[in-house]
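This report concerns only the one structure given below.
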Amino acid sequence: MNTTVSRRSRRQQTKLWRAPVVRVARLTPRMTRVTVGGPDLADFAYAGTDQNVMLYFYPDDVELPEPLTLAAARGMWSQVRPLTRTYTVRRYDRDACEIDFDFVLHSDAGPASDWAKRAEPGDRLIFVGPSPAYQPDPTADWHLLAGDETALPAITAILRELGPDVPVRVFVEVEDASEEQPLAGPVTWLHRDGTDDLLARAVAAADLPTGRVDAWLAGERASMVALRRHLLADRGHDRSRVRPTTYWRRGETGN
Ligand SMILES: Cc1cc2nc3c(=O)[nH]c(=O)nc-3n(C[C@H](O)[C@H](O)[C@H](O)COP(=O)(O)OP(=O)(O)OC[C@H]3O[C@@H](n4cnc5c(N)ncnc54)[C@H](O)[C@@H]3O)c2cc1C
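The opening residue of the sequence shown carries number 27 in the numbering used here; numbering runs sequentially from there.
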């Protein structure tokens, strides 16, 4: 297991960043990659796995102070408060001073997916972070990674960190075959069928390794509830070994 990046998380510092978009690439019909860059990002305390930041979206007509620091942004909260959404650091390149964010372009427009749909080089992205990062348990007998497409950036980074010799099973729910992405190692891809327990049913039907699991799970809330219930109630895993995170809630904005 690669522990180099994990150690960095202990000295991560929360800061406000304002970085220009340098590239936009459509990965699949419903996923777009926005790369931001600039010399300031050399100081970004990258910790890998599911590390994330909070994006700040201000109304277009707001005049923001220069420099826009976290203290200055908070000082303006009584007049203007940004809409905030959380996104995973899909890739950080210290030499190039770049960060990739992968956005799901869901049909129910929200400020983040809407911004990503229209993003072009030169646009500015404001974000605060980074967060701490999940540290895979090196003593686990095997790892379970499961989620929907919003979890793909984190799953990709976690797989990279685990390396090829660690036993891992991966389940990802996406819209259809056009949304599958190349990942290191075998993945069970599931195509959405309108139910909340698709991931739970697929994990229930799978022939999984035995022993102490370290389960990292992320996606829509109802799906996480069903999956966690299965792992605890049916498979008998200890609750401390199962770590679900709600990344979004159907019919609700924000997170
Ligand atoms: C720690 C963390 C990391 C995350 N990392 C990523 C990431 O790297 N990439 C990513 O794409 N998302 C990621 N998410 C999820 C993302 O923050 C949410 O999907 C967010 O709600 C999108 O904001 P929005 O402004 O586009 O939509 P909102 O304004 O929040 O919601 C508008 C409507 O869209 C629906 N909706 C929201 N998200 C989805 C979705 N994915 N599919 C279908 N409908 C949806 C809502 O239910 C609501 O009805 C992460 C969330 C967390 C907590």
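For glycine and all other residues, C-beta sits at the position ideal for the given N, C-alpha and C. Keep in mind the model is a prediction, meaning the values are calculated, not measured.
One or two residues paired with residue i in a DSSP bridge
{"i": "Arg117", "result": "Asp126"}
{"i": "Gly155", "result": "Lys41"}
{"i": "Leu109", "result": "Phe83"}
{"i": "Val47", "result": "Val62"}
{"i": "Thr54", "result": "Met57"}
{"i": "Arg150", "result": "Pro46"}
Limits of the unbroken beta strand (DSSP E) element including residue i
{"i": "Gly173", "result": "168-174"}
{"i": "Thr272", "result": "268-274"}
{"i": "Arg59", "result": "57-63"}
Terminal residues of the alpha helix (DSSP H) in which residue i lies
{"i": "Pro179", "result": "178-188"}
{"i": "Ser139", "result": "137-144"}
Contact belief for residue i with residue j at Cβ below 8 Å, rounded distance in angstroms
{"i": "Met363", "j": "Phe129", "result": "The question about residue 363 has no answer, for the chain in this structure spans 27 to 281."}
{"i": "Ala122", "j": "Gly63", "result": "7 Å"}
{"i": "Val115", "j": "Pro158", "result": "Wrong, their Cβ atoms sit about 12 Å apart, outside the cutoff."}
{"i": "Trp215", "j": "Val194", "result": "Trp215 to Val194, Cβ: 15 Å. No contact."}
{"i": "His256", "j": "Val239", "result": "His256 to Val239, Cβ: 12 Å. No contact."}
{"i": "Arg269", "j": "Ala226", "result": "Not confirmed; about 16 Å, so no contact."}
{"i": "Arg44", "j": "Leu81", "result": "The Cβ separation is near 11 Å, so there is no contact."}
{"i": "Thr61", "j": "Glu146", "result": "Not a contact, Cβ separation roughly 12 Å."}
{"i": "Leu258", "j": "Met250", "result": "Between Met250 and Leu258 the Cβ distance is about 12 Å, and since that is not below 8 Å, they are no contact."}
- With a floor of 4 residues, list each alpha helix (DSSP H) that falls wholly inside the stretch 182-261, ordered by position along the chain. You should have 224-231, 247-255.
- Item | alpha helix (DSSP H) runs wholly inside the stretch 76-101, at least 4 long, in chain order | Listed in chain order, the complete alpha helix (DSSP H) runs (minimum 4 residues) inside the stretch 76-101 are 96-101.
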